[in-house]
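Chains as they are written, first to last, in the numbering used here: chain A, 6 to 234; chain B, 6 to 234; chain C, 6 to 234; chain D, 6 to 234; chain E, 6 to 234; chain F, 6 to 234; chain G, 6 to 234; chain H, 6 to 234. Glycine is no exception: its CB is placed at the ideal position from the N, C-alpha and C atoms. First the structure, in the form of C-alpha cells, and then the observations on it.
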Ligand SMILES: Nc1ncnc2c1ncn2[C@@H]1O[C@H](COP(=O)(O)O)[C@@H](O)[C@H]1O
Ligand SMILES: Nc1ncnc2c1ncn2[C@@H]1O[C@H](COP(=O)(O)O)[C@@H](O)[C@H]1O
Ligand SMILES: Nc1ncnc2c1ncn2[C@@H]1O[C@H](COP(=O)(O)O)[C@@H](O)[C@H]1O
Ligand SMILES: Nc1ncnc2c1ncn2[C@@H]1O[C@H](COP(=O)(O)O)[C@@H](O)[C@H]1O
Ligand SMILES: [Mg+2]
Ligand SMILES: [Mg+2]
Ligand SMILES: [Mg+2]
Ligand SMILES: [Mg+2]
Ligand SMILES: [Mg+2]
Ligand SMILES: [Mg+2]
Ligand SMILES: [Mg+2]
Ligand SMILES: [Mg+2]
C-alpha cells in the first residue's frame with residue numbers, strides 16, 4: 006500500500022495547488038483549470054508564471070467559472086492567477102511569519118511570487134525591498150525590525166553578485182533561503198554569479214533554490230514554519 | 006554600535022567554532038588552534054576537512070594541550086578533529102532531531118561531516134545510509150521511521166544524478182536539505198548533475214547547499230531546529 | 006564496391022524518410038518534398054519540427070500533391086507533417102510494442118514526436134503521460150501494465166531533473182531510452198540537468214539521446230524491436 | 006507490497022553484482038565483499054575500476070575466500086576483479102551476440118570493461134579494436150563480419166571527436182550504443198567532444214552512455230539481447 | 006616607419022574589402038559605403054551578414070550610387086551585397102581552385118558566404134553540398150572529382166557532430182579547413198559539437214575557423230592559393 | 006622608429022622585472038637569471054610563483070651570484086624570490102600608499118604576492134587580513150583607518166563568494182581593485198564565484214584582475230599611484 | 006552610527022545618480038524619476054540602457070518636468086537619458102582627462118556610455134574610435150597624442166578577441182581599464198573571448214570591468230582621477 | 006576497391022608515422038614500435054608526448070633495435086623520440102620553408118614539437134621565440150626577416166590571451182596557423198583564452214588547431230607547402 010508511505014502528504018497538500026503556466030499552451034491550461042474546479046478542493050488554485058496577455062485570454066474562456074462563484078485574481082507583479090471560491094475554499098490558518106527582502110527593485114517580481122505563494126500557504130509575510138549591499142546601512146534597521154517581529158525564516162532575493170545573502174546570514178540566526186534572481190548582464194549575469202555566490206557563501210546558515218524560483222523558496226519556507234508550530 | 010545590529014549572533018555562536026583546514030598550512034593551523042584554546046570558550050573547537058596525515062602531524066605538536074586537559078578526538082570518516090575540554094566546555098543541550106540519509110556508500114563521509122557538526126551544535130541525529138533510488142523499496146520504511154521519530158528536517162546526501170532528493174521531498178513534509186556529493190565521473194560528474202538536479206527538482210520543499218558541503222547543511226539544519234523550540 | 010559494405014541499409018530504409026524542417030526555408034522544403042514525391046517510394050514522407058504557420062504555407066503550395074492522391078496529415082502536438090499516398094505506400098508491418106512515458110504535461114510534444122515516428126516505422130506504441138517523480142505512486146500501476154503488455158523497450162521523456170528515468174530503470178528490465186526535454190529554467194534548465202542526470206544515473210540499463218530528440222529515441226527504439234523479431 | 010511493483014527485478018538480478026571500487030576505501034570494500042560471499046548468490050561478484058595496487062592489497066586480505074573455494078580473477082586492462090565460486094555460481098546462459106569496436110588503442114580499457122561485464126551477464130562478445138575514422142577502410146570488413154555473425158547490437162568506444170559512432174550507425178541497422186572515452190586533450194578533450202558528437206550525430210540509431218561508462222553500455226546491451234530471445 | 010613592417014599588405018589588400026553588417030545600424034552602413042565609394046579602389050565592396058530587409062532599405066538609400074555606374078548585387082543565400090563598378094574595379098585574376106563541401110543542406114548559407122568571398126578574392130570554386138557522413142558513399146566520388154580537378158585546399162562546412170571533416174581529411178592530402186556551422190539543437194548544438202570535433206579530429210591535416218565563419222575560411226583559403234602560384 | 010611610440014615605457018620599466026617561474030624548468034630559470042644579472046639594471050629581479058623546493062635548487066646553482074654581492078631573499082608566503090644587489094640597485098622611491106585587505110586567512114598568500122610587488126615597485130603598503138563579510142563589523146574600523154592614512158587605492162583579495170569587494174566599494178571612494186582568489190570548493194569554487202561576483206558587483210568603483218593574480222593587481226595599483234604624484 | 010563608517014561617501018556621491026532602465030518597467034521608472042526630481046539634488050539624473058522607444062514613452066509622461074524647468078537630453082548611441090535642471094544642478098568641476106578608445110565601430114555605443122558618465126562625473130574625455138589591432142599602425146599616433154595631452158587613465162572598449170587592450174597596455178604607463186564588448190559570434194563571442202583575453206593579458210597594468218559595462222569603467226576611471234588631484 | 010577512394014593517401018603517408026605516447030602504457034608502446042620496425046618503411050618513426058622517464062624505460066627495452074642499426078634520438082623539449090634507420094629510411098626532400106614563432110618562453114615546448122614534426126616531414130623551419138605582444142617592437146624585425154626568407158606559412162604558438170596571432174596576421178599575407186598553448190592560470194587559463202581569441206580574431210587569414218597541438222599545426226603546414234611546389 007503506497008499511500009501508507011506517502012508520509013505527511015495529507016498535511017502538505019494543505020499547500021495551494023500550483024500550475025506552472027510557462028511552457029503550457031492555452032488549451033492545456035483550460036483543461037487543467039476546468040478539471041481542478043470540478044473536483045472538491047479545499048484550497049485555491051494558483052497559476053504561476055502567467056503573462057498578462059495569456060491571463061486576459063484565459064479570463065475570457067473562464068467566464069463560466071466566475072458565474073459559478075469562482076473569483077479570478079491576477080497579480081501583475083507576481084504573474085500569478087489565483088482562482089478561489091469562497092463557498093468551497095477557506096484560507097489556510099496562519100502558521101507563522103516569514104521575512105522577504107530584495108537587493109534591488111528588479112528583484113521584486115520574484116519576491117512577490119514568493120509572497121503570494123507563502124500567503125496562500127498560510128504564512129504572514131513581512132517584506133523589505135531594495136536594501137542591497139551597495140548602501141549597506143539601509144539594511145540594518147530593516148533586519149532588526151524583522152527579527153524583532155519574530156520571523157522564523159528570511160527569503161533573500163538578489164541578483165547581480167547576490168552578496169546581500171551573505172551579509173544577512175552574517176547578522177541573523179534564523180534560516181536564510183537564498184533566491185538568486187536573473188538580474189545582471191555579461192559574465193555571471195542572469196543569476197549565475199548570484200547563485201554561485203550564495204552556494205559559496207562564507208557565512209553559514211544559507212540554503213538556496215534555483216534562479217528566479219520564488220515559488221520554491223516560499224514552499225520551502227512553509228515547510229519550516231509549518232513544522233515549527 | 007555595530008554589535009547591536011548583529012541580531013541573534015549571541016545565540017548562533019552557540020554553534021561550535023569550525024576551522025576549515027583545507028587550504029591552510031600546518032603552521033597556520035597550529036597558531037589558530039593555540040589561539041583558540043587560550044581564550045575562554047564554552048564550545049568545542051572543530052577542525053574540518055583535515056586529512057589523517059595532517060591530523061597526525063598536528064597531534065604531535067599539540068601534546069601540550071592534552072597535558073592541559075584538552076581532548077583530541079579525530080573522526081576519520083568525517084575528517085573532523087574535535088578539540089574539547091570537559092572542564093571548560095559543556096555540550097550544547099538538545100535542540101531536536103535531524104535525519105540524514107545518503108544514496109550510496111560513497112556519500113557517507115559527507116553525511117558524517119554533517120552528523121558531527123549537527124551533534125556538536127546540539128542536535129540528535131538519525132541516519133540511514135545507502136538507500137538510493139536504484140532500489141527504491143529500501144527507502145520507504147527508513148523514511149517512515151524517521152518521520153515517526155519526529156525529525157524536524159532531513160538532510161539528503163546524494164551524488165551521481167541525486168534523484169533521491171526529489172523522491173524524498175515527494176514523500177515527506179519537513180524541509181529537505183539537499184547536499185550534492187562529488188560522486189560520479191564523466192559529464193555531470195563530481196556533483197554537478199546532482200546539484201543541477203536538486204535545483205531543478207520537480208518536487209518542491211527542497212533547498213540546497215554546495216557540493217560536498219555537509220558542514221553548511223548541518224549549520225542550516227541547526228538554524229531550523231533552534232528556532233523550532 | 007561501397008554498396009556491399011552498406012550492411013543492412015536495405016532493411017533500415019524501411020524507416021519513414023524524415024526531413025528536419027527547422028533551419029530550412031520554405032523554398033528548400035518545397036523542392037525536397039516535390040523531389041521525394043516524384044520518386045517511387047514505399048514509405049510515407051515525414052516533415053519534422055514544422056511550425057503550424059509553416060505547415061499552412063506549405064499546404065497551399067502542395068495542392069498539386071493532394072490532387073495526385075497524396076494525403077497531408079499534420080500533427081499539431083508532434084509538429085510533424087505526414088505525406089502519404091495510399092496507392093503507393095503501405096504502412097509498415099508491426100514489429101512489436103514500445104512504451105512511451107513522460108514526467109509532466111510539458112514533455113508531451115516530444116513524446117508525441119517519438120510516437121508518430123515509431124508508429125510510422127512499424128511499432129505499436131503504448132503511452133502514459135504525466136507520471137513524474139513528485140507523486141511516484143502514479144507511476145507504478147502504469148509501468149506494471151506496460152510490462153505486462155509486453156513492451157520491448159520504454160522511452161522516458163522528462164525535463165527538469167529527469168529523475169523519472171532512474172526510477173523507471175530501477176523497476177523494469179527492458180532497455181530504457183532517456184529523452185531529456187528542454188523543460189525547466191535557471192541553472193540546469195532547458196534539459197541540461199535532465200541530460201546530466203540520465204547520463205549519471207545510478208540505475209544501469211539506460212542510454213540517452215540528445216535533449217528534445219524524440220525522433221532519435223524512436224528510431225533507436227525501432228532498431229531494437231526490428232532486430233527483436 | 007513494493008516487491009510486486011519491482012517488475013522484472015527477478016530477471017534483471019541475473020546480471021552479475023557489480024561494485025564500483027573507485028571512491029571506496031580498502032576497508033569498505035572488504036566489508037562489502039565478505040558480506041556478499043556469506044550470502045547465497047548464483048552470480049559472480051564483480052569489483053570494477055579497481056587499480057592494480059588496490060587489487061594486490063585486497064588479494065592479501067581475501068586469502069580466506071580462496072581457501073573456501075572462491076577464485077579471484079583480476080583483469081588488468083578492464084580493471085575488474087571477478088570473484089567466482091564454481092560450486093556456488095554457474096555462468097549465465099548465452100543470451101546472444103554483442104559487437105564491441107574502438108576507434109584507437111587508447112579506448113581499449115573501456116571496451117574491455119564492457120566486454121567483461123557483457124560476458125559475465127551472459128553475452129557472447131565479438132571485438133574489433135583500433136578501426137577509427139582516420140583510416141576508414143580498416144572499418145568496413147570488420148563491420149561486415151560482425152553483422153554476418155549476427156550481433157544484436159554494437160557498442161562503439163571512441164574518444165577524441167568520436168566520429169566513428171556516426172560512421173558505424175550509417176552502415177548497420179542494429180542499435181548502436183556510443184561510449185565516449187576520455188581520450189584527447191585541449192578543448193573538447195577528456196571525452197567531451199566525443200559525447201557531444203554522439204548526441205549530435207546526424208546518423209540516427211545511436212543512444213549513448215556517459216564518458217568511459219563501459220559498464221553502463223554493457224548492461225544496456227544486455228537488456229537488449231535478453232529481451233531479444 | 007611602420008609601413009615598412011606591414012609586410013605583404015600591398016598584396017593582401019587584393020582581397021575585396023568586407024564590412025560586417027551585423028551589429029551596425031543602417032546609418033553607419035550608409036556612411037561607410039558612401040565613404041568607400043568616393044575613394045579610388047580597385048576592388049568591389051562586400052557587405053556581409055546583411056539581412057534581406059536591411060538590404061532593401063539600403064538599396065533605396067543608395068540609388069545615387071547606381072546612377073554613378075555602381076552595380077548592387079545581393080546574394081540571398083550568402084547574405085552578401087556586392088557593390089561593384091565596372092569602370093573602376095576589375096575582377097581579380099584567378100589564383101587557383103578551392104573546393105567547398107557541406108554535410109547537409111542547412112550548411113549551404115555558410116558555404117555560399119565562403120564561395121562569394123573566395124570568388125571575389127580571385128579563386129575558382131568547386132562545390133559539392135549535402136554529402137554528409139550518414140550516407141558516406143555519396144562523398145567518395147565527389148571528393149575524387151575535386152582532387153582530380155586540382156583543388157589546392159578544401160573548405161568543409163558541417164554542423165551537428167561535424168564528422169565529415171575528419172572523414173575528408175582521412176581521404177585527401179590538401180589542407181582541409183573546417184567551418185563548424187550552427188546547425189543542431191540540444192547539448193553540443195549551435196556548432197559547439199562540430200567545433201570541438203574538428204579541433205579533436207584524429208585525422209591530422211585540419212585547421213579550423215570559428216562557427217559559421219565562412220568569411221574567415223575563404224580569406225584563409227585565399228592566403229593558401231595566393232602564395233601557391 | 007618604434008621606440009618613439011613606446012610611450013612612457015622608460016618610466017614603467019621602473020617596475021621591478023618579474024619572471025613567472027611557474028611553467029618554466031630549472032635550466033631555463035638559471036639562464037634567465039644569469040642573463041639578467043650580467044646586464045646593467047637598476048632594479049631588483051623578482052622570480053614569482055617559485056615553490057620552496059625549486060627555490061632551494063636554484064639557490065645552490067646561484068652561489069656565484071651571492072659571491073658577486075647579490076642577495077637572494079625568498080618570501081615563503083608570497084612565493085617570490087628577490088635578487089638584489091645593493092651596489093647596483095637602489096630601491097624605488099615612495100610613490101604613495103596602497104591598502105591590501107583579505108576576506109580570510111587562505112587569501113593571504115595572494116595578498117603577500119601583491120604586497121611584495123607593490124613595495125618593490127615603490128609603494129608603501131598597509132594590510133588588513135581576515136576581515137571578511139561573515140563578521141562584517143571587523144571590517145569597518147580597518148577600512149576607516151586605511152582611508153585616514155591616505156591610501157590611494159585598495160586591493161581586495163577574496164575567495165569563496167568574494168562579497169567583501171562589493172561591501173568595501175560601497176564604503177570608500179578610492180579605486181577598488183578586486184583579486185578573486187582560488188579559495189572554495191564545489192560549484193563556483195577555485196575563484197569562479199568570486200570573479201563573477203566582482204564583475205557583477207552592484208557597487209560601482211571596482212575593476213578586477215584574474216583569479217589569484219596578486220602580481221597584476223599590484224602592477225595596476227602602481228600605475229595608479231605613480232601617475233598620482 | 007553607520008554613517009560614520011561610510012567613509013568618503015560624501016565625496017563619491019558627487020557622481021551623477023544613475024538608474025539602470027533595463028529590467029525595469031515603464032511605471033517603475035516614472036516613480037523613480039519623479040521621486041528623484043522632488044528631492045533636492047545637486048546632480049543630474051542619468052537613466053542608462055534606455056531604448057529609444059522607451060525614452061519616447063517616458064518623454065510623454067514627463068512633460069510636467071519640462072514645465073518645471075527640467076531638461077531631457079537623450080543620447081541615442083549611449084542609450085542614456087540625462088535629466089538636468091540648470092537652476093538646481095551645476096555640472097561637476099573638471100577632475101582631469103580620461104582617454105577612451107575602441108577597436109571597431111561596433112564598440113562605439115559602449116564607449117559613448119562611458120563617455121557620457123565620465124563627463125557627467127566631471128572628467129574631460131578624449132576619444133579615438135576604430136583603431137583596432139588588425140591595422141595596428143592606426144593606433145600609434147592616436148595613443149601618442151592622448152598621452153601627450155595628459156590623460157590619467159585609458160578605457161579600452163574592444164570585442165571579438167579584445168587584443169587591443171594588451172597592445173595598448175604594452176605601450177603606455179597609465180592605468181588601462183578594459184571593457185570587453187559583446188561583439189563577435191561563435192565560440193568566445195558576445196564578449197567572452199575579449200573578457201578572457203583581457204584577464205589573461207601578458208601585459209600587466211590592466212584591470213577589467215564586465216562585458217559592455219561602459220558605466221562601471223567610467224565610474225572606476227572617475228575614482229582614479231578624483232583621487233588624483 | 007576502397008584504396009581507389011583513398012585519394013592522395015600515397016602522397017600523405019610521406020609524413021613520418023607518429024604515435025601519441027600519452028595514454029598508452031609501456032607494453033603497448035613496445036608492441037607498436039617493434040611492429041613498426043619489422044615492417045618495411047621509408048620513414049622514421051616518431052613517438053610524441055613521451056616523458057623523459059618513459060623514454061628511459063623504453064630505451065632499455067629497445068636495445069635490440071639499436072643493435073639492428075636503428076638510431077634512438079630523444080628531443081627533451083619537444084618530448085619526441087625519433088627512431089630512424091639510415092639504411093632503411095631516407096629523410097624527406099625539402100618541400101619549402103615554414104616559420105614558427107612563440108609569444109613567450111613557456112610556449113617553446115609546443116613550438117619545438119611542431120618543429121620536429123615539420124622537419125621530419127620535409128620542411129625547412131625558421132624559428133623566432135619569445136616575441137610576444139607586451140613588447141611588440143621585438144616582433145617586427147623578426148617577422149620581416151621570415152617573410153623575406155620566403156616562408157610559405159607561419160605557425161604562431163601563444164598562450165595567455167594569444168593576441169600575438171592577431172597582430173601577426175595583421176602584418177603578413179601568408180596563412181597564419183594559430184596554436185593556443187596551455188599557458189596561463191585563472192579564468193581563460195590553460196589555453197582557453199588563447200583559443201577563443203584566435204577564433205575570434207578580427208584579423209582574417211588565421212586558422213587554428215587545438216590547444217598545445219603543435220603536431221597538428223605542423224602536419225597542416227606540411228599539407229600547405231607540399232601542395233605548394
Ligand atoms: N567543511 C567546511 N565546509 C564549508 N565551510 C566550512 C567548513 N568548515 C568551516 N567552514 C566555514 O569556513 C569558515 C572558516 O573559514 P576560515 O576563517 O578560513 O577558517 C567558518 O566560519 C565556517 O563557516
Ligand atoms: N561575415 C564575416 N564574418 C567574420 N568576419 C567578418 C565578416 N565580414 C567582415 N569581417 C571582418 O570584420 C572586419 C570588419 O569589421 P568592421 O570594421 O567592424 O566592419 C573586416 O575587416 C573583416 O575582417
Ligand atoms: N605571479 C605572476 N602572475 C601573473 N603574471 C606574472 C607573474 N609574474 C610575472 N608575471 C608576468 O609574466 C611576464 C613574464 O613572462 P615570461 O616572459 O614568460 O617570464 C612578466 O612580464 C610579467 O608581466
Ligand atoms: N602530439 C600529438 N598531438 C595530437 N595528435 C597526435 C600527436 N601525436 C600523434 N597524433 C595523432 O594521433 C594518431 C595516433 O593515434 P594512436 O593510434 O592512438 O597512436 C596519429 O595518427 C596522429 O595523427
Ligand atoms: Mg536599488
Ligand atoms: Mg549502494
Ligand atoms: Mg504534472
Ligand atoms: Mg590508432
Ligand atoms: Mg541531408
Ligand atoms: Mg576567517
Ligand atoms: Mg573596423
Ligand atoms: Mg617573455
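query	result
Taking 7 Å as the CB-CB cut-off, is residue 100 of chain H touching chain G?	no
Put residue 42 of chain B into one of helix, strand or coil per three-state DSSP.	helix
I want to see whether chain H comes within less than 7 Å of residue 216 of chain F, judged by CB atoms only; does it?	yes
Given this structure, state the Cα-to-Cα distance separating residue 88 of chain D from residue 61 of chain D, to the nearest angstrom.	14 Å
Since residue 165 of chain B and residue 199 of chain B are thought to touch, with beta carbons under 8 Å apart, how far apart are those beta carbons, to the nearest angstrom?	6 Å
Considering only residues of the same chain and omitting the five flanking positions on each side of residue 168 of chain E, which have a CB-CB separation below 7 Å?	138 and 202
For a contact meaning CB atoms closer than 8 Å, what does residue 200 of chain C contact in chain E?	191 and 192
If you follow the alpha helix (DSSP H) that residue 72 of chain G is in, where does it begin and where does it stop?	68-72
What does residue 157 of chain F reach in chain G if we use C-beta pairs closer than 7 Å?	232
When the Cα atoms are used, what is the spatial distance from residue 151 of chain B to residue 192 of chain G?	50 Å
Pull out every residue of the region 103-125 of chain F whose Cβ sits closer than 9 Å to any Cβ of chain H, in chain order.	none
Let me know the secondary structure DSSP gives residue 214 of chain C once reduced to three states.	coil
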